[in-house]
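Going left to right, the sequence shown walks through residues 7 to 693 as the numbering used here numbers them. Worksheet for the structure shown next.
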Amino acid sequence: MRVVTLVLLGLLAGLVAATCAAGATTGPTTSSVSETALNAAVARLIATHGEPEGERIRRGVAQVALRWWAEDGDDGAFTAFCAANFIAGDAELAATAARLEAVLEQVDGHLHEVRREVLTPSDLDTGPIGPADRLLASFDLAAHTDEDLFRTKVAFLALLNFPVHSLADRLANGAAWDRRAWAESRMMDRFASRAPAAVLAGLTDALANADRYVAEYNIRMDRLVTADGERLFPERLRLISHWGLRDELASHYGEPGALAKQRMIARVMERIVRQEIPAAAIDNAGVLWCPDTNEVKPVSPGAPVAGAHPAAREPDTRYAVWLANFHAGRALDAYTPTAPTALARSFEVDRQIPEKEVEALLVSILGAPEIGDLARLIAKRLGRPLEPFDIWYSGFRPRAARSESELDRVVGARYPTVAAFQRDLPALLARMGFAAEKARWLADRIVVDPSRGAGHAMGAVRREDKAHLRTRVDAAGMNYKGYNIAVHELGHNVEQTFSLDGIDRWFLAGVPDNAFTEALAMIFQDRDLEVLGVAAPADARDVEALGALWASYEIGGVALVDAGAWHWLYDHPDATPAQLREAVLASAREVWNRYYAPVFGRNDVELLAIYSHMVSYPLYLADYPLGHIIAFQLSEKLRGGTFGAEFERVARQGRLTPDLWMKSAVGAPISTKPLLEAARRALAVAR
Ligand SMILES: [Zn+2]
């Protein structure tokens, strides 16, 4: 995991970066500037600077007008601003961009440091959280920086003088741009969209409400009964949908009695997505629920069941919450004029890969011939025909040379404290393949902190600051699970350090999108045993390929259902929750019937609709298979003796488009070929 502002995911992403100069005068507009004032500003600037600047003038004035609100001034103020702030000379343009770069690095960097300090008690293991900290958690100075840049007209200066680019512009022309053109292009992402605070707050509230709904949606497994009244799960087992349910289902492979438990969990999931689940059965220890018959009974015979009629189904709350996200997201469309849908913001702005291309990548996995072979292998290992819930088959485990408790001992002895992990960083990075001097340079820029949770990586924002690795070390020392996560987070930190401190232009800091960050962290994580000095299992790479292919196959379909539902919503904006439910279920069945039914031999399964991300992290799911695809493509390239140098080279490219970044990293665009080839090799020797 990497720390990102979660509300930015998908829906809100367009706000910090929408697009396009050519489209600036088309589409929905929120401008307060009259056509007359716009033409007058253009005419006045052309009279001063001449027609050779005409194209830049027309584009710049239109870019400003589109985002100029009544509170920014009247028509007279608009034309006066344009006349006074147009920059004609190239040297002055370059100097202006460089000045904005220097200032914004400090502004964003310091605000990030303030926020890190504010959040220290909730992020780090510093003892009880006090009343001040509970209130400070929602104190965020950075929340209105961008709006302040508009109010002070800094944003308008940039909009008047530099082009705002769409993904289409970058895909068409980006390969020919130099680093300055790329930096200026990225600079403008920030000013591309401007939305009223109330619209943003509406979206934040909708997502927060969705988050709450999901967080409180737990199933009392200890209260589930079979049709014969038998309880299959232990007392007090309470699981969140869908993560907890799925992980529980996956954890039983290989155990006696697994099948009955797994079928019951799948039945629960079906009841949830159809909203047939009795309202009284959600997170209620007072009732017994039989997912097969859908009957609810009080735990103690004769006791009343709280709430309405016990068998009353949950109203379509899941879909009402989803619908509220849609309406809140759609309210933003007018303010992101050139990425004017949540889908465009998710794919073109956030992910920077056209939706059609993402879909083609997913379909190349979903329809790959390797899937059928892999499914046959799984059925053979299970000794039974596959059932639909086997999309969550989890039996890809390397033949480990050491047990987890042995590994716990090795890790605990080496890292008894957080400080011990910090001290070992230069040596660990050297074992990873970085030159000694480079390993020291990296270790100097990474601070290891004791984490309250499982751990996370928090990069720096300005170059004078350091990245932070948050990891959990108990009194008995670090355990293997904690170490495995820490190595993943260290991968994030190393990428963050190279892509900030090791880069020529701050505006280009980072990697193209979230899937790249995760891919680079996974590549570190996969080498955790090797850098611990413990021999990795010989079949580790094969097992990883098979597991990654099966997981990508599973989530790839889920991502198609998610995106399909949003397309349906844009076509049916007045839909009721019940209509959305039927549309989502129809989409789940359709995707299932096309890509899963031929493998599982069963039609019309709706399990793909169970993911909670669809409700609380809209349009995020495609990042998981993309992460696997990108990780395989990169790890093929990074293997071997040049790991350190190659990792540094690819991480220092900066925030180009995913396509350009990958071409210069491995010599080819994003492709599922390396993953499929690795899986084919593994299938050839798998038993
Ligand atoms: Zn991560």
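Backbone N, C-alpha and C define an ideal beta-carbon position, used for all residues, glycine too. Predicted model, so just to flag it, every value in this text is computed and none were measured.
Range covered by the beta strand (DSSP E) that runs through residue i
i: V517; result: Run containing V517: none; DSSP gives neither H nor E here.
i: R244; result: R244 to I246
i: R62; result: Element bounds for R62: not the beta strand (DSSP E) but the alpha helix (DSSP H), G60 to L72.
i: W398; result: Here W398 belongs to no beta strand (DSSP E), and DSSP marks it neither H nor E.
i: V293; result: V293 to C296
i: N290; result: Neither: N290 is in no beta strand (DSSP E) and is coded neither H nor E.
i: R226; result: N224 to R226
Euclidean distance between Cα positions of residue i and residue j
i: W75; j: N599; result: 50 Å
i: R687; j: Y601; result: 23 Å
i: F638; j: M668; result: 12 Å
i: A407; j: A345; result: 51 Å
i: V454; j: R252; result: 32 Å
i: T36; j: N179; result: 29 Å
i: H333; j: R415; result: 52 Å
i: H573; j: D228; result: 39 Å
i: M194; j: S172; result: 10 Å
i: E683; j: D356; result: 29 Å
i: L245; j: D129; result: 24 Å
i: A214; j: R324; result: 14 Å
i: T85; j: L349; result: 35 Å
i: L372; j: S306; result: 48 Å
i: F504; j: R658; result: 6 Å
i: K303; j: G235; result: 11 Å
i: D396; j: L206; result: 40 Å
i: M484; j: G497; result: 18 Å
i: L141; j: P169; result: 41 Å
i: A690; j: V467; result: 46 Å
i: P543; j: E241; result: 37 Å
i: G4; j: I52; result: Residue 4 lies beyond the stretch modelled for the chain, which goes from 7 to 693, so this question has no answer here.
i: Q281; j: D289; result: 15 Å
i: I509; j: P391; result: 53 Å
i: H116; j: D154; result: 16 Å
i: D139; j: F606; result: 51 Å
i: F239; j: S247; result: 16 Å
i: K679; j: Y617; result: 27 Å
i: G335; j: G647; result: 47 Å
i: L627; j: G673; result: 27 Å
i: P134; j: P127; result: 8 Å
i: N91; j: D577; result: 42 Å
Delimiting residues of the alpha helix (DSSP H) encompassing residue i
i: R476; result: Not the alpha helix (DSSP H): R476 falls in the beta strand (DSSP E), residues A473 to T477.
i: P127; result: D96 to D129
i: E301; result: Unbroken run through E301 is the beta strand (DSSP E), E301 to P304; no alpha helix (DSSP H).
i: I278; result: A264 to V279
i: W574; result: A546 to D577
i: R50; result: E41 to H55
i: N599; result: P583 to Y601
i: L644; result: D629 to L644
i: R415; result: E410 to R420
i: R405; result: Here R405 belongs to no alpha helix (DSSP H), and DSSP marks it neither H nor E.
i: N91; result: D81 to N91
i: A258; result: This sequence places His at residue 258; Ala is not what is there. Segment: none, H258 is in no alpha helix (DSSP H) and carries neither H nor E.
i: W667; result: P664 to V672
Residue i at chain D interface by Cβ criterion, 8 Å
i: A436; result: Among the chains of the structure shown, chain D does not appear; only one protein chain is present.
Residue i Cβ short of 7 Å to ligand 2 heavy atom set
i: E501; result: With respect to small molecules bound, the structure shown includes ligand 1 and not ligand 2.
Rounded distance between the beta-carbons of residue j and residue i, thought under 8 Å
i: F530; j: V493; result: 5 Å
i: E376; j: A685; result: 5 Å
i: S457; j: R478; result: 5 Å
i: A515; j: R661; result: 7 Å
i: A525; j: L640; result: 6 Å
i: A615; j: V567; result: 6 Å
i: I225; j: V274; result: 6 Å
i: V67; j: L166; result: 7 Å
i: I676; j: L448; result: Going by Cβ atoms, the distance from I676 to L448 rounds to 27 Å, so no, they are not a contact pair.
i: A89; j: A47; result: 7 Å
i: Y341; j: A201; result: 4 Å
i: L506; j: G465; result: 7 Å
i: A264; j: A189; result: Not confirmed; about 55 Å, so no contact.
i: S400; j: A272; result: Their Cβ separation, rounded to whole angstroms, is 15 Å, which puts S400 and A272 out of contact at 8 Å.
Item to complete: Would you list, in sequence order, the uninterrupted alpha helix (DSSP H) runs of no fewer than 4 residues that lie entirely inside the stretch 142 to 206?
Response: Restricted to the stretch 142 to 206, the alpha helix (DSSP H) segments that are unbroken, complete and at least 4 residues in length are 151 to 157, 160 to 167, 173 to 179 and 185 to 195, listed in chain order.
Could I get the ranges of all uninterrupted alpha helix (DSSP H) runs contained in the stretch 430 to 504, with 4 residues as the minimum, in chain order?
DSSP runs (the alpha helix (DSSP H)) wholly in the stretch 430 to 504: 442 to 449.
task = With a floor of 4 residues, list each alpha helix (DSSP H) that falls wholly inside the stretch 323 to 377, ordered by position along the chain.
result = Counting only runs of 4 or more, we get 323 to 336 and 361 to 372.
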